[in-house]
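K.L.:
Below is a structure I'd like to ask you about.
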Amino acid sequence: MGDLHARNIYTNFRGRITSAQKLAIELYGNQYFITDLRDLDTLVRTTSSQELKIEIGFGMGVELARWATEYPDVSFLGIELYKPGIGSLFLKLVGECIENVRVVEAPAQVVIGELANNTVNEIRILFPDPWPKKRHHKRRLIQKDFICQVERVLVKGGRLQMATDWKPYADWALCCIEENTGFVRSVDKAVISRVDKNMTTKFERRGINLKHKVTDFIYEKLY
Numbered sequence: 001m002g003d004l005h006a007r008n009i010y011t012n013f014r015g016r017i018t019s020a021q022k023l024a025i026e027l028y029g030n031q032y033f034i035t036d037l038r039d040l041d042t043l044v045r046t047t048s049s050q051e052l053k054i055e056i057g058f059g060m061g062v063e064l065a066r067w068a069t070e071y072p073d074v075s076f077l078g079i080e081l082y083k084p085g086i087g088s089l090f091l092k093l094v095g096e097c098i099e100n101v102r103v104v105e106a107p108a109q110v111v112i113g114e115l116a117n118n119t120v121n122e123i124r125i126l127f128p129d130p131w132p133k134k135r136h137h138k139r140r141l142i143q144k145d146f147i148c149q150v151e152r153v154l155v156k157g158g159r160l161q162m163a164t165d166w167k168p169y170a171d172w173a174l175c176c177i178e179e180n181t182g183f184v185r186s187v188d189k190a191v192i193s194r195v196d197k198n199m200t201t202k203f204e205r206r207g208i209n210l211k212h213k214v215t216d217f218i219y220e221k222l223y
């Protein structure tokens, strides 16, 4: 397998980590971390549905833990570089006895690039860093090449969900995705439900408070 910790242009957001978060990583890292993507085969086989869902950039892990709780028979993979968020997620997983989540601490571009074809049922990317300055656009997660990799790993009918409160990034993402003819945009009640139940993310609430328009969309893989 390739080096999951290759950094290239990707940023490792270390942030300020609390003692509890740091201890959680030390105590539970062996339980939740995946360092070799071949271990995903074992993870998927441990759940009855044989489905794999991924959240890229799960932040503090609130939405990922909630998602995994809603679907206890589905395997979940969280991809994150933010150590305080990883520690926070581990605390939630232990505290709520959530057993169907594993984590890769590596750039999403690297992880998705190493997954096998047609192995993922859903990928969520909620409020990624928009990198608004033009000179930083190359750091944006959503790029045409990355979308091709996402399309490759999704099963037929698999879903890509993205949300952002930065209109220029929404336009950028829509252009990248819609140039891939393997996707079709769909309307999904789950998006409306998430907002109606006030189950919004921290970054979505911040965007709403700043009066930013939130763009939330889902694409399905055609074949």
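Residue 1 is where the sequence shown starts when you use our numbering, and the numbers rise one by one after that. Ideal Cβ positions, reconstructed from N, Cα and C, are used throughout, including at glycine.
#1: Can you tell me which of the three DSSP states phenylalanine 58 falls into?
#2: By how many angstroms is the C-alpha of isoleucine 98 removed from the C-alpha of proline 72?
#3: Return the chain-ordered list of same chain residues with a C-beta closer than 6 Å to the C-beta of glutamine 149, the five sequence neighbours on each side being excluded.
#4: Ordered along the chain, which non-local residues of its own chain (more than five positions away) have a Cβ less than 7 Å from that of tryptophan 131?
#5: Would you mind working out which of Ile177, Pro107 and Phe183 sits nearest isoleucine 56, comparing C-alpha positions?
#6: Could you pull out every residue in the same chain whose Cβ sits closer than 6 Å to the Cβ of arginine 194, ignoring the five residues on either side in sequence?
#7: Count the other CB atoms, across all protein chains shown, that sit within 10 Å of the CB of aspartate 145; report buried if there are 16 or more and exposed otherwise.
#8: Do the segment 22-36 and the segment 84-94 make contact, defined as three or more Cβ pairs closer than 8 Å?
#9: Is the beta carbon of isoleucine 218 closer than 8 Å to that of glutamine 143?
#10: Taking the beta carbon of alanine 116 as the centre, do at least 16 other beta carbons fall within 10 Å, making it buried, or is it exposed?
#11: Consider the C-beta atom of leucine 154 and the heavy atoms of the ligand FAD; say whether any pair is separated by less than 7 Å.
#12: Can you give me the C-alpha to C-alpha distance between serine 48 and lysine 133, rounded to a whole angstrom?
#13: Over what stretch of residues does the alpha helix (DSSP H) that includes asparagine 30 continue unbroken?
#14: Give me, in chain order, the residues of the same chain whose beta-carbon lies closer than 7 Å to that of glutamate 51; leave out the 5 immediate sequence neighbours on both sides.
#15: To test your reading of the DSSP string, which unbroken alpha helix (DSSP H) runs of 4 or more residues are found completely within the segment 148-181?
#16: Looking only at C-alpha atoms, which of Pro128, Ala65 and Gly182 sits nearest to lysine 92?
P.N.:
A quick look at the data gives this:
#1: In the three-state reduction of the DSSP assignment, phenylalanine 58 falls in the coil class.
#2: Cα to Cα, proline 72 sits roughly 8 Å from isoleucine 98.
#3: Scanning its chain for C-beta atoms nearer than 6 Å, with the 5 sequence neighbours on each side dropped, one finds around glutamine 149 the residues Ile112 and Gly113, in chain order.
#4: Correct list, in chain order: His137, Arg139 and Arg140.
#5: Considering only Ile177, Pro107 and Phe183, the residue with the shortest C-alpha distance to isoleucine 56 is Pro107.
#6: Only weak support exists for where arginine 194 lies, its pLDDT of 49 falling under 50; the coordinates are left without a value.
#7: Exposed: under 16 other Cβ atoms inside 10 Å.
#8: Touching, per the Cβ criterion.
#9: Taking 8 Å as the Cβ cut-off, glutamine 143 and isoleucine 218 do not qualify as a contacting pair.
#10: That one is exposed.
#11: In the structure on display, the ligand FAD does not appear, and there are no ligands present to speak of.
#12: So the two alpha carbons sit approximately 45 Å from each other.
#13: Counting along the chain, the alpha helix (DSSP H) containing asparagine 30 begins and ends at 19-32.
#14: Short of 7 Å from the beta carbon of glutamate 51, and not among the five residues preceding or following it, lie these beta carbons of its own chain, in chain order: Val74, Ser75 and Asn121.
#15: Unbroken alpha helix (DSSP H) stretches of 4 residues or longer found wholly inside the segment 148-181: 167-178, given in chain order.
#16: It is Ala65 whose Cα lies nearest to the Cα of lysine 92.
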